[in-house]
DNA sequence: GTGGTCTAGACCACG
DNA sequence: GTGGTCTAGACCACA
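Chains as they are written, first to last, in the working numbering: chain A, 1 to 125; chain B, 1001 to 1125; chain C, 2001 to 2125; chain D, 3001 to 3125.
Here it is as structure tokens:
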């Protein structure tokens, strides 16, 4: 899986990495049971420090996206994540703002929903 | 308009402020031509630093949401914002990630679109 | 509050720190709303690196023991923690082993319960 | 005796192994004079490294739980272990922290003692 | 060779 | 001045 970091961006590298891995999982590029490159390997591949990779991996672990096996390294989790109340609250808050801005900028409801629908389709196999 | 800052949140205060003002505009609580409290007033109301309010106002100005007049203070812009390519690209990127995570966490397409639809409805007068 | 780190111990420093802070809370030495020393201050006080302190603080934050306020630094949480299933399962597993060993080493049930009772009493105001 | 290793756990495999053997002894599943599977056998059974089993066995030997005989392999010790001061100090320290956390998380004294009592009962024949 | 821990030092965002 | 991020380099525990 190809990771693309934007070093100019103001979103931290470890966040960018975390997000791309999640997208990789959603897209099916990363299959359950599959193992990610070791922190050192991944760090070398994208030209960043291993601690930064470590941070991303640990966050993904905390979120339940992967488990860290002492023998095999980081492994994509097969078990579907639970739809926690916590997550739903955060999602709603994020969407709430995004939609408010979209509305202000003149992006109508239809258009917005169409955009979401189109984007979601990418993840359905 | 009531501003509610969560001081324990990870999102910077000036971002929270900016977002709430945008939501206020979207909800119609803040009408075009209406003027916001002065930087000093707003800072005192919420109990935050003057610079923080200033930063939020300036970002809103840069985004075209308000004009800053030396005499009248910050005024909500009446002119509808243009749907800039820049904005659309950013929106798409944000949504892309949000949807990927929603998908991973088991929030189906229907549910996601329904949620968006419901949230959007709040802004339609 | 006095922190005592055992540099010879094989339990990581950040874990020792985390535990002592929790004990401090339990003992009432650290009161809700009270703020901890800044990471730099604490690091200097106990003669360790600020990153190590940071790690402990962040774990405590993740566990809900404290919140990190942008203005005031790390603050002891007032809200009682919820008795999560997760925690109970871990506690039971830990106790299970501890008790098995106690039993093997000849520490009887009465003695064990008395010890627990005595230790618990320290935390009741 | 059935050994169950959680490869995704934070606790090292050799520690998990050691603990389960102690629990096995406490439960009476492993009787004095009984001999454990050979290092090689055990390693194969659980699917772990030979050195890992070796480490667990040696720790158990150091703690007096078993004797390692070149011909007969690892044998459960019949002699009751002594209640060393060392052990008692460690136990007290561990319990001290566990109880502090339990208190913070809202697990009352009664409940805690009941839990301990219940868990201890499993080991009394 | 793997991740985990710790240190040191630098820069930045925030308030 | 605060915490957050990133880098670099070192040592250790684990398997």
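Idealized CB from N, CA, C, for every residue including glycine.
Practice task
State buried or exposed for residue 2958 of chain D, treating a residue as buried only when at least 16 other CB atoms are found within 10 Å of its CB.
Solution key: The question about residue 2958 of chain D has no answer, for chain D in this structure spans 3001 to 3125.
Problem - Rounded straight-line distance, which links the Cα of residue 102 of chain A to that of residue 108 of chain A - result: 8 Å
Practice task
Could you say if the stretch 2079-2093 of chain C and the stretch 1002-1021 of chain B meet the contact criterion of at least three C-beta pairs nearer than 8 Å?
Solution key: no
Practice task
Find the nearest neighbour of residue 1043 of chain B within the set B/1098, B/1100 and B/1004, judged by alpha-carbon distance.
Solution key: Closest by alpha carbon: B/1004.
Practice task
Mind the definition here: the stretch 58-75 of chain A touches the stretch 27-37 of chain A only if three or more C-beta pairs lie below 8 Å; say whether that holds.
Solution key: yes
Problem - Identified DSSP bridge partners for residue 2063 of chain C - result: Beta-bridge pairing links residue 2063 of chain C to no other residue.
Practice task
Check distances from the C-beta atoms of the stretch 2038-2070 of chain C to those of chain B and list, in chain order, the residues that come in under 9 Å.
Solution key: 2067, 2068, 2069 and 2070
Practice task
Since I believe residue 1123 of chain B is in contact with residue 124 of chain A (beta carbons under 8 Å), could you give me their beta-carbon distance rounded to a whole number of angstroms?
Solution key: In fact, because the Cβ distance is near 28 Å, the residues do not count as touching under 8 Å.
Handout entry: Contact with chain D by residue 2100 of chain C, beta-carbon distance below 7 Å
Key = Yes, residue 2100 of chain C counts as interfacial toward chain D.
Handout entry: From A/6, A/94 and A/83, residue whose alpha carbon lies closest to that of residue 1105 of chain B
Key = A/83
Exercise for the section: Determine the closest residue to residue 1014 of chain B out of B/1028, B/1094 and B/1039, with distance taken between C-alpha atoms. Expected result: B/1039
Problem - Burial state of residue 2065 of chain C, where buried means 16 or more other Cβ atoms lie within 10 Å - result: buried
Practice task
Run through the stretch 27-86 of chain A for me and flag every whole beta strand (DSSP E) of 3 or more residues, listed as ranges in chain order.
Solution key: 66-69 and 73-76
Problem - Reduced DSSP secondary structure (H/G/I, E/B, other) of residue 118 of chain A - result: helix
Exercise for the section: Would you please verify whether the beta carbon of residue 3005 of chain D is less than 7 Å from any beta carbon of chain C? Expected result: no
Exercise for the section: Would you verify that the beta carbon of residue 3008 of chain D is, or is not, closer than 7 Å to some beta carbon of chain A? Expected result: yes
Exercise for the section: Run the CB neighbour count on residue 3062 of chain D, radius 10 Å, all protein chains shown included, and call it buried at 16 or more, exposed below. Expected result: exposed
Handout entry: CB-CB length for residue 95 of chain A against residue 1115 of chain B, believed under 8 Å
Key = By a beta-carbon distance limit of 8 Å, residue 95 of chain A contacts residue 1115 of chain B. Their separation comes to about 7 Å.
Practice task
Report the neighbours of residue 3022 of chain D on chain C: residues whose CB is nearer than 8 Å to its CB, in chain order.
Solution key: 2097, 2100, 2101 and 2104
Exercise for the section: Could you work out which residues of chain A lie near residue 3013 of chain D, taking near to mean beta carbons separated by less than 8 Å? Expected result: Within 8 Å Cβ-Cβ: 70.
Problem - Alpha-carbon spacing of residue 2070 of chain C relative to residue 2025 of chain C, whole angstroms - result: Straight across, the Cα-Cα distance linking residue 2070 of chain C with residue 2025 of chain C is about 22 Å.
Handout entry: residue 41 of chain A burial status per 10 Å Cβ neighbour count (16 or more: buried)
Key = exposed
Handout entry: Listed by chain order, chain B residues near residue 35 of chain A by CB distance under 7 Å
Key = Chain B residues near residue 35 of chain A: none, gap ~18 Å exceeds 7 Å.
Practice task
For residue 53 of chain A, collect the residues of the same chain with a Cβ closer than 6 Å to its Cβ; drop the 5 residues on either side in sequence, then sort them by chain order.
Solution key: The beta carbon of residue 53 of chain A sits closer than 6 Å to those of 39, 42 and 43, all from its chain and outside the five residues before and after it, given in chain order.
Exercise for the section: Return helix, strand or coil for residue 2105 of chain C, following the three-state DSSP convention. Expected result: coil
Problem - residue 3074 of chain D at chain C interface by Cβ criterion, 7 Å - result: No - not a single Cβ of chain C is within 7 Å of the one on residue 3074 of chain D.
Exercise for the section: Would you please state the rounded distance, in angstroms, between the beta carbons of residue 2068 of chain C and residue 2057 of chain C? I believe it to be under 8 Å. Expected result: 7 Å
Exercise for the section: Put residue 2014 of chain C into one of helix, strand or coil per three-state DSSP. Expected result: helix
Exercise for the section: Indicate the three-state DSSP secondary structure (helix, strand or coil) for residue 1004 of chain B in the structure shown. Expected result: coil
Practice task
With a 10 Å radius around its C-beta and 16 neighbouring C-beta atoms as the bar for buried, classify residue 1050 of chain B as buried or exposed.
Solution key: exposed
Exercise for the section: For residue 3167 of chain D, I'd like the list of residues in its chain whose CB is within less than 8 Å of its CB, leaving aside the five on either flank, ordered along the chain. Expected result: Coverage of chain D is limited to positions 3001 through 3125, which leaves residue 3167 of chain D absent and any answer about it impossible.
Problem - Residues near residue 2980 of chain D by beta carbon distance below 6 Å, same chain, minus five either side - result: Since the first and last residues shown for chain D are 3001 and 3125, residue 2980 of chain D lies out of range.
Handout entry: Cβ shell of residue 3029 of chain D (< 6 Å), same chain only, five flanking positions each side left out
Key = 3001
Handout entry: Inter-residue spacing [alpha-carbon to alpha-carbon] between residue 37 of chain A and residue 9 of chain A
Key = 24 Å
Exercise for the section: Verify the CB distance criterion: does residue 2109 of chain C have a CB-CB separation below 7 Å to chain D? Expected result: yes
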